[in-house]
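Asker: My structure is below; once you've seen it, I'll send some questions.
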Amino acid sequence: MNLAKVSANGQVTVPVDIRRKLRLKEGDKLLFIERDGEIIINNASATAIVRAQGAFARAAGDFGVANDEDAQGLVDEVRYGAERQS
Numbered sequence: 012m013n014l015a016k017v018s019a020n021g022q023v024t025v026p027v028d029i030r031r032k033l034r035l036k037e038g039d040k041l042l043f044i045e046r047d048g049e050i051i052i053n054n055a056s057a058t059a060i061v062r063a064q065g066a067f068a069r070a071a072g073d074f075g076v077a078n079d080e081d082a083q084g085l086v087d088e089v090r091y092g093a094e095r096q097s
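Numbering of the sequence shown is given in the working numbering, commencing with residue 12 and proceeding in unit increments.
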């Protein structure tokens, strides 16, 4: 368990072990999530990437993209129209 003290202006120093686990570096933003009466702290950038990956995975399924070849076929269709697909 790690402990941190809140300064008079509300600042907190994140303990080094937690910074390492969250892969935080100077300038990163923290995301505070309330769930079941507890506050969860995440690296905002990492959370955004995970959410975007999930959205892309769902969209890939919707478009029938299962591999690189399917993805390239979809790109070619959008770029050149159906007539230039091989």
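Don't be surprised by glycine CBs; every beta carbon is placed ideally from N, CA and C.
So, helix, strand or coil for Asp87, using DSSP?
Answerer: helix
Asker: May I have the straight-line CA-CA distance separating Gly75 from Ser56, to the nearest angstrom?
Answerer: 28 angstroms
Asker: Below 8 angstroms on the Cβ atoms is my guess for Asn54 versus Leu33; work out the distance and round it to an integer in Å.
Answerer: 4 angstroms
Asker: Out of Asp81, Thr58, Asn78 and Gln64, which has the shortest C-alpha to C-alpha gap to Lys40?
Answerer: Thr58
Asker: Kindly indicate which three-state DSSP category Gln96 falls into: helix, strand or coil?
Answerer: Only weak support is given to the placement of Gln96: the predicted model assigns it a pLDDT of 49, under 50, and the value that follows is read from those uncertain coordinates. Coil at Gln96, not helix or strand.
Asker: Since Ala15 and Val25 should fall inside the 8 angstroms C-beta cutoff, what is the C-beta to C-beta distance between them, to a whole number of angstroms?
Answerer: 7 angstroms
Asker: So what does DSSP say about Gly67, is it helix, strand or coil?
Answerer: This sequence places Phe at residue 67; Gly is not what is there. The three-state secondary structure of Phe67, taken from DSSP, is helix.
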